[in-house]
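In this note's numbering, the protein residues as written are 238 to 307.
Backbone N, C-alpha and C fix where the C-beta goes; we use that ideal spot for every residue, glycine too.
These numbers come from a predicted model, not from an experiment.
One structure is given below, encoded as C-alpha coordinates.
If you want it as C-alpha coordinates, here you go:
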(Lines of atoms letter the chains of each structure in order from A and count residues from 1; the text may use other names and numbers.)
(Lines give C-alpha, C1' and ligand atoms only; values in the text may rest on other atoms or scores of the structure.)
Protein backbone atom coordinates (compact mmCIF):
# COMPACT_ATOMS: atom_id res chain seq x y z
CA UNK A 1 0.00 0.00 0.00
CA UNK A 2 1.42 3.36 -0.95
CA UNK A 3 1.60 6.20 1.53
CA UNK A 4 -1.17 8.06 -0.28
CA UNK A 5 -3.45 5.01 -0.27
CA UNK A 6 -2.76 4.50 3.42
CA UNK A 7 -3.47 8.17 4.16
CA UNK A 8 -6.78 7.99 2.28
CA UNK A 9 -7.75 4.76 4.04
CA UNK A 10 -6.98 6.29 7.43
CA UNK A 11 -9.08 9.36 6.63
CA UNK A 12 -11.98 6.97 5.98
CA UNK A 13 -11.20 5.14 9.23
CA UNK A 14 -11.27 8.46 11.11
CA UNK A 15 -14.54 9.51 9.49
CA UNK A 16 -16.14 6.16 10.28
CA UNK A 17 -15.01 6.28 13.89
CA UNK A 18 -16.27 9.86 14.29
CA UNK A 19 -19.69 8.67 13.08
CA UNK A 20 -19.60 5.56 15.27
CA UNK A 21 -18.59 7.46 18.43
CA UNK A 22 -20.60 10.71 18.36
CA UNK A 23 -20.07 11.24 22.11
CA UNK A 24 -16.30 11.51 21.56
CA UNK A 25 -14.89 14.78 20.24
CA UNK A 26 -13.75 14.38 16.59
CA UNK A 27 -10.34 15.86 17.47
CA UNK A 28 -9.92 13.11 20.07
CA UNK A 29 -10.81 10.48 17.49
CA UNK A 30 -8.22 11.87 15.07
CA UNK A 31 -5.64 11.92 17.86
CA UNK A 32 -6.38 8.29 18.75
CA UNK A 33 -6.04 7.32 15.07
CA UNK A 34 -2.70 9.12 14.75
CA UNK A 35 -1.41 7.50 17.93
CA UNK A 36 -2.54 4.04 16.81
CA UNK A 37 -0.98 4.56 13.38
CA UNK A 38 2.39 5.32 14.94
CA UNK A 39 2.32 1.93 16.68
CA UNK A 40 2.44 0.19 13.30
CA UNK A 41 5.57 1.81 11.90
CA UNK A 42 7.19 -0.95 9.88
CA UNK A 43 8.01 -1.99 6.33
CA UNK A 44 4.77 -3.90 5.66
CA UNK A 45 1.98 -1.32 5.52
CA UNK A 46 -0.88 -3.23 3.85
CA UNK A 47 -2.83 -3.91 7.03
CA UNK A 48 -2.14 -0.67 8.91
CA UNK A 49 -5.62 0.87 8.35
CA UNK A 50 -7.34 -2.31 9.54
CA UNK A 51 -5.11 -2.60 12.60
CA UNK A 52 -5.50 1.09 13.42
CA UNK A 53 -9.28 0.86 13.19
CA UNK A 54 -9.35 -2.16 15.52
CA UNK A 55 -7.17 -0.47 18.14
CA UNK A 56 -9.18 2.76 17.91
CA UNK A 57 -12.56 1.03 18.19
CA UNK A 58 -11.45 -0.60 21.44
CA UNK A 59 -10.07 2.64 22.88
CA UNK A 60 -13.00 4.80 21.77
CA UNK A 61 -15.51 2.28 23.12
CA UNK A 62 -13.83 2.64 26.50
CA UNK A 63 -13.82 6.46 26.22
CA UNK A 64 -17.49 6.56 25.21
CA UNK A 65 -18.44 4.24 28.08
CA UNK A 66 -16.52 6.37 30.56
CA UNK A 67 -18.14 9.59 29.34
CA UNK A 68 -21.66 8.13 29.37
CA UNK A 69 -21.28 6.90 32.95
CA UNK A 70 -20.41 10.35 34.29
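Item: Do residue 289 and residue 250 have their CB atoms nearer than 8 angstroms?; Value: yes
Item: Roughly how many angstroms lie between the CA atoms of residue 258 and residue 280, to the nearest whole one?; Value: 31 angstroms
Item: Under a three-way DSSP split, which group does residue 282 fall into?; Value: coil
Item: Would you report the Cα separation of residue 270 and residue 247, rounded to the nearest angstrom?; Value: 8 angstroms
Item: Between residue 244 and residue 276, what straight-line distance do the alpha-carbon atoms span, to the nearest angstrom?; Value: 15 angstroms
Item: Let me check understanding here. Comparing Cα to Cα, which of 242, 240, 278, 255 lies closest to residue 294?; Value: 255
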